[in-house]
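Quick notes on the structure that follows.
Residue numbers (this note's numbering), protein chains in the order written: chain D, 130 to 471; chain C, 130 to 471; chain R, 130 to 471; chain U, 130 to 471.
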C-alpha cells in the first residue's frame, strides 16, 4: 500500500514534536513535510527543533529540511496543524483552499458551524460536516479539528453518561505544564505552586462539549443541552491532565451503574492504528488514576477513570499532548482514511 | 503579666513544630512542657525533633527536655495537641480530667456533641459548650478542637455566604504534602504527580462545616442545613491548600455581591496575638491566590480568595499547618483567654 | 530454545519491579519465581506489589504467586537479587550453596575477594572468579554482583581513560530519588531541596572502581592504582544519576583525545539482548546530558556523556534503576549465558 | 539621622525585588527611586512589577512611580544595580559620571582593574580602589561590584583557607532556578531534571575568586595564586546554591583544623545592618546544609557549611538572590557608609 503523505504545520513546538513522534513510523502515513516559522525554515529538523521528548528523535526525521508554513512549500495530502491560534486562523483556510485535508489541533475553527469538532470515540458522524463545509466555502480541501486537551479528557467520559440524561457538569482541572508549550510556564511560576488560572481554558471546556455531544441533524449540529462549569488549575506535573468531575443526570444513576456504563463503553472504530485497546480504563484502586503512573496507558491514548462515587463524582486523567493533542488529530485523520475520506 | 503555662502534646512532628514556632515567643503563653512519644522522652528537644522548618529552632526551646505524653509529666495550664487520632482519643480525656485545658488539632473529639469545634472568626459562641462538657463528663479541664486543615480554609469563606442562604457546596482540593506529616508522602509518590485521594479527608470536609456553621441553641449545636461534596487531591506543593469551590445560595447573589461579603467580613476578636489583620484577603488578579506566593499572608493566618465568578465559583487558599492546624489551635486558646476561660 | 528459568529475590521493591520489567518478555529468560518478604508471600504479585512504573505491569506476571525468599521455595536456574544488604548477606550464600546462580544487585558480597564485581563492558574477565569461588566455598552455585548504581555510571566512563594512565578521580553526584526505593526519601525532604549526603554511597564509589578496573591475575584481582574522591548528593529527580567528574591522567590527554576515547570505546559483548547499541553516548550540546531527556537512551542501558573539557572534566548520566541496577544484573547474567556459564 | 537616598536600577526583576525587600525598611537607606525599562516607566511599582516574593510587597513602595534608567530621572545618593550585563555596561558609567555611588550586582565591570569587587567579610580593603577609579576616570561618583552569586558562596568559605596556603579548588554547583530570573528557566526544562550547564557561570567562578582573594598593593590588586575549576549545574530548587567543594592547601590541614578555621572566621564589620551574626555557620549533622532548610539562616546572609572531611572536601550553601546578589550589594553599601565613603 502506498502511504499517505503527511505534513506538520508548527513542527518544532511541544505538540509538533508529539506529531513527529506519532507519525515517524506510522503504518498509513509518511512524514513528507515539516513546516515551521521563518526562523526555522531552511534548517534541518534536528537543528530547528530543540527535541524535548524522552523518546529519541526519529532518525528519518532528523535530516528533513524544515519548510515555511505555506501551501506552496508543503508537499502532502494531509497536514496536521499545531499552529498557535492566530496563525492557524490565517493559514489553515489557505491550506484547505489549496486542497489539503487539514487535521487541526488549533482552536481557531473549532466552533465554526461547518467545521467538524471530533473525538472519534464520541462523535464520528460529525465528519459529515466536511461536505457541507467544502460546498459552502468552495474549498477542495477542508478543515477538521479536535477539542482542547482538557475537553477531550472530560468529554470522552461524558459520552456514556448522555444515556442517563446528562444535565450539568462541574469540573476542576489539575493540568500539566506541557500544555503551555516548552516555554509557556516558567520554573519560578509553577514549582512548589498551583496557578488557579489558565487563559482561555474555561470557556473552551464550557462550550466545546456542547458541540461534541450534540446531534448532527439536517446539515448542522444541534448542541447538547447540558451546562458545564469549569475551574482550571495548573499544577507541577510534566504530562497528564487530572480532572475532578461532578455530573448530574436526569435518571440519577448509582455509582455502580455509572461504572458499568464506562466499562461497557466500546466505540468500534475499526482497529485504527492509534486507537487504544480501551479508550476508557476504569481503575478500582481508591488512589488512581495518577498522571505519572497512568498517562502512558494505551500508548497515551487511553483515559483513566477512578473514584466513581455518589454525586456522581469521579476523577478522569489523560495524556494532554498525546490523547489531548497530537494523538487526537492523528486519530481523526485515521478515521477519515478508514471512511475513505482522505 | 504572668504568662500562661503551655504544653505541646506530640511536639516533634510537622504540626508539633509549628506549635513550637507559634508559642516560642508568644506574648501570653510560655512554653513549659514538650511531650512526645517514649522514643523521644528524656532527650533534649533539639535531639528529639528533626527540626524541619525554615525558621530556626528557637534557642529557648532547643534545650527543653521532652517528657512523656502523660498528665503527671506535663506542667502546664493549657496543652496543645498535635497527637495522631488514635492516641488523642485515649490521651486527651485524661488531660481534661486532670484539669488541663486541651486545645486539640486532632480529629478524635471534633464531632462529639459536647466538644466545641471552633474557628474563632466563624463560631466563637460554640465555646459555651465547655461548661456543658465539664458538667456532663465531670471534668475539671476540657477539650476544645479546631477543624481539619482543608475544612478551615473552606468553612471560613462559607461563613459570610450563610447570609445569602447557603445550600450546597462542591469543593475540589489541591493539598500540600506537609498535611501528611514529614514522612507521610514519599518523594516517589508525589513528584511529577497528583494523588486523587487523601484518606479520611472528604468525610471531614463534608461533616465538619455543618457543625461549624451550626447554631448554638439551648445546650447544643443545631447543624447547618447545607450539603458539602468534596474531592480531595494531593499535589506537589510544600505548604498551602488550594481549593476550587462552587457554592449555591437561595438568594443567588452576583459575584460582585459575594465579593463584597468577603470584603466586609470582619469578625471582631479583640486583637488576639495570632489574629491576622484580615482573615479573608480578596485578590483581584485573575491568577491568584497561589500557595507559594500567598501562604504566608497574615503570618500564615489569612485565607486568600480569588477568581470569584458566576456559579458562584471561587478559589480559596490558606496555610495548612499554620492557619489550618497549629495556628488554629493557638488562636482558639487566645480566644478562650480573652474571654477569661483559661 | 528452552528458556532459562529465572527468579527474583525481593521482587516487590523499586529495583525488583525493574527486574520484572526487564525479564517479563526476555528472549532467553523465563520468569518462574517471584520471592519477597513473608508479608507478601502467598499473595498474587499484583496484590503484593504496589506497581509504580509507568509501563504497565506485565499480565503474565500479575497472577504469579509470590513465594518466600528461601531456596526450597524458589524454582529457577538463576536468581536476581534486589534484596536489602543485611538480608542479602544471609540469603544469597544459601541460594549459591543450593546450586543457584545468583546475580546480585546487593552490596553484601561485592568486595569479597572471590566474588566477581562486574560491568560486562568493563571487566568481563573477572567472571573467572566464579570457579575459584565455587572451589573455595564448596558451592554448586555461585554469586556474581554488579556495582552500586552511581559507581556503574562513573566506572564505565573511566574504563577508556585507563589507557591514558588514570590517576585520580573526583566526582560530585546528583542522584535520583528512585535510588532510595519507593519510600526511602519523603516528599518533604527532597522537594525544593538538595540533600548533600547519601548513607554508604561515597565509600562504595571510592572502593568499587578499584576492583572493577583492576586486573585478574593468577587467581585474584589486583586493584587498579587510582584514587577516587566522591561527594554524593540527592536531588529532586525521579530517575537518572548525573555526575560531574574530574579525572587526572599521567598522559594528560586533551579533551579532544578523551572524547575520541569515549567514541571509540566499543566493547564487543556479542549482541546480548540488554546490550545497548552504544554503551557510551557522547553528546555535543553544551547542556547535555540531562536525566529527564537522556535516561531512556538505549532503553536505559546507555550512559550519556557531555561537556568534556580541560581538567579533564565531564558530565556523565545514566539510568540508576535500569543501567545502574536491574539492567546491570540482567546484562551480567546474559554475559554468563553467552559464555556457557549458566 | 537623615537617611541616605537610595535608588534601584532594574527594580522589577528577581534581584530587583530582593533589593526592594532589603531596602524598604532599612535603617540607613530610604528608597527614593525605582528605575526600570521603558515598558515599566511611568507605572506604579505594584503594576510594573509582578511581585513574586513570598514576603508581601511593602506598601510604601507599591505606590512609587517607576522611572526610566537615566541619571537625570533618578533621585538618589546611591543606586543599586540589578541590570542585565549589556545594559549595565552602558548605563552604570553614566551614573558614576553623574556623581552617583553605584553598587552593582551586574558582572559588566567586576573584573576591571580599578573597580572594587568586594565581599565585605573577605576583602573590604579593596574599596580603596574607589579613589583610584575616580581619579583615573574623572568621575564624581564610582562603581563598586559584588561577585556572581555562586562565587560569593564559595569565595567566602575560601577566605579562611588562604592561611593554609590554598592552591587549587574544584567545585560542582547545584544552583537554584531563581538565579536565572523569573522567566529564565522554563518548568519543562528543569522539572524532574538537572541541567549541567549555566552560560557564563564557570568562567566567573574561575576568575572572580582570584581577584577577591588577591592583595591590594600599591594601587592595584595582585590576584591570588590559586586555580579554580568549576562545573555548574542547575537543579530544581527555588532559592539557595549548594556547592560541593574540594580544596588543596600547601599545609595540608586536617578536616578538624579546617573546621576550626571556619568556626573562628569572624570578620569585624562593625555591626552593619545586613551583617549576619555569623557569616559562616558550620553544621555538624551529616546531611546538612540543605537549601530549603538553611537558606534563610541569618536572614539569608549566612553561608552554611557542612560535611568537612578528608580531601579537603566540604559542602557550602547560601541564598543566591540575598547573600549572592541583592544582600551582597546592600552590605557593600553599608560598609561604604560605615567608612564614611558614601
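Ideal Cβ positions, reconstructed from N, Cα and C, are used throughout, including at glycine.
query, result
"What does the alpha-carbon distance come out to for the pair residue 208(R) and residue 231(R)?", "5 Å"
"Taking the beta carbon of residue 348(U) as the centre, do at least 16 other beta carbons fall within 10 Å, making it buried, or is it exposed?", "exposed"
"Helix or strand or just coil, what does DSSP make of residue 293(C)?", "helix"
"Step through the CB atoms of chain C and report whether any lies within less than 7 Å of the CB of residue 322(D).", "yes"
"With distance defined between alpha-carbon atoms, name the residue in 315(R), 310(R), 377(R), 324(R) nearest to residue 293(R).", "377(R)"
"Answer with yes or no whether the minimum CB distance from residue 415(D) to chain C is below 7 Å.", "yes"
"So with CB distances below 7 Å, who are the chain D contacts of residue 251(C)?", "Those do not exist, as residue 251(C) stays about 23 Å from chain D at its closest Cβ, beyond 7 Å."
"How should residue 285(C) be labelled, buried or exposed, when 16 other C-beta atoms within 10 angstroms of its C-beta is the threshold for buried?", "buried"
"For residue 354(R) and chain D, any beta-carbon pair shorter than 7 Å?", "no"
"Using a Cβ-Cβ cut-off of 6 Å (strictly less than) and excluding sequence neighbours within five positions of residue 135(C), which residues of its own chain qualify?", "152, 158, 160, 205, 207"
"Measure the Cβ-Cβ separation of residue 409(C) and residue 434(C) and say whether it is below 7 Å.", "yes"
"Select from the segment 307-318 of chain R all residues with a C-beta closer than 9 Å to any C-beta belonging to chain C, and list them in chain order.", "307, 309, 310, 311, 312, 313, 314, 315, 316, 317, 318"
"Along chain R, which residues have their Cβ under 8 Å away from the Cβ of residue 451(C)?", "Going along chain R, no residue has its Cβ under 8 Å from residue 451(C), so there is no contact; the nearest lies around 16 Å."
"Checking contacts by CB at 7 Å: is residue 425(R) closer than that to chain D?", "yes"
"Evaluate the contact criterion for the segment 425-434 of chain D versus the segment 449-458 of chain D: three or more CB pairs, one atom per stretch, below 8 Å.", "yes"
"Thinking just about the alpha-carbon of each residue, which of 227(U), 415(U), 463(U) is nearest to the one in residue 445(U)?", "415(U)"
"Could you tell me which whole alpha helix (DSSP H) segments of length 4 or greater appear in the segment 271-325 of chain U?", "278-287, 316-319"
"To the nearest whole angstrom, what separates the beta carbons of residue 109(C) and residue 324(C), a pair I think is in contact under 8 Å?", "The structure shown does not extend to residue 109(C), since chain C spans only 130 to 471, so no value can be given for it."
"The alpha helix (DSSP H) that contains residue 91(U), what's its start and end?", "The structure shown does not extend to residue 91(U), since chain U is modelled only from 130 to 471, so the question has no answer here."
"Within 10 angstroms of its Cβ, does residue 393(R) collect 16 or more other Cβ (buried), or is it exposed?", "exposed"
"Is the beta carbon of residue 218(D) less than 7 Å from the beta carbon of residue 192(D)?", "no"
"So that I know if they touch, is there some Cβ in chain U lying closer than 7 Å to that of residue 183(C)?", "yes"
"In chain order, what residues of the same chain have a beta carbon less than 8 Å from the beta carbon of residue 331(D), not counting five sequence neighbours either side?", "359, 360, 361"
"Helix, strand or coil for residue 198(C) per DSSP?", "coil"
"If you compare alpha carbons, which of 317(D), 368(D), 338(D), 406(D) is closest to residue 297(D)?", "338(D)"
"Would you list, in chain order, the members of the segment 136-161 of chain R that have their beta-carbon closer than 7 Å to a beta-carbon of chain D?", "none"
"At what residue ranges does the segment 155-238 of chain R contain a whole run of the beta strand (DSSP E), taking only runs of 3 or more?", "158-165, 195-197, 207-210, 230-233"
"Who pairs with residue 136(C) in a beta bridge, going by DSSP?", "162(C), 208(C)"
"What residue range is occupied by the uninterrupted beta strand (DSSP E) comprising residue 356(D)?", "356-363"
"Hey, would you say residue 244(C) sits closer than 7 Å to residue 272(C), going by beta carbons?", "yes"
"Round the Cβ separation of residue 538(U) and residue 197(U) to the nearest angstrom and send it over; I've been treating them as touching at under 8 Å.", "Residue coverage of chain U in this structure runs from 130 to 471, which leaves residue 538(U) outside it and unanswerable."
"Which residues, taken in chain order from the segment 357-385 of chain D, show a beta carbon closer than 8 Å to some beta carbon of chain U?", "365, 367"
"Ordered along the chain, which non-local residues of its own chain (more than five positions away) have a Cβ less than 7 Å from that of residue 257(R)?", "345"
"Compare the C-beta of residue 290(R) against all C-beta atoms of chain D and say whether one is closer than 7 Å.", "no"
"Contact criterion: CB-CB distance below 7 Å. Does residue 422(R) meet it with respect to chain D?", "yes"
"Taking Cβ to Cβ, would you say residue 357(U) is nearer than 7 Å to residue 441(U)?", "no"
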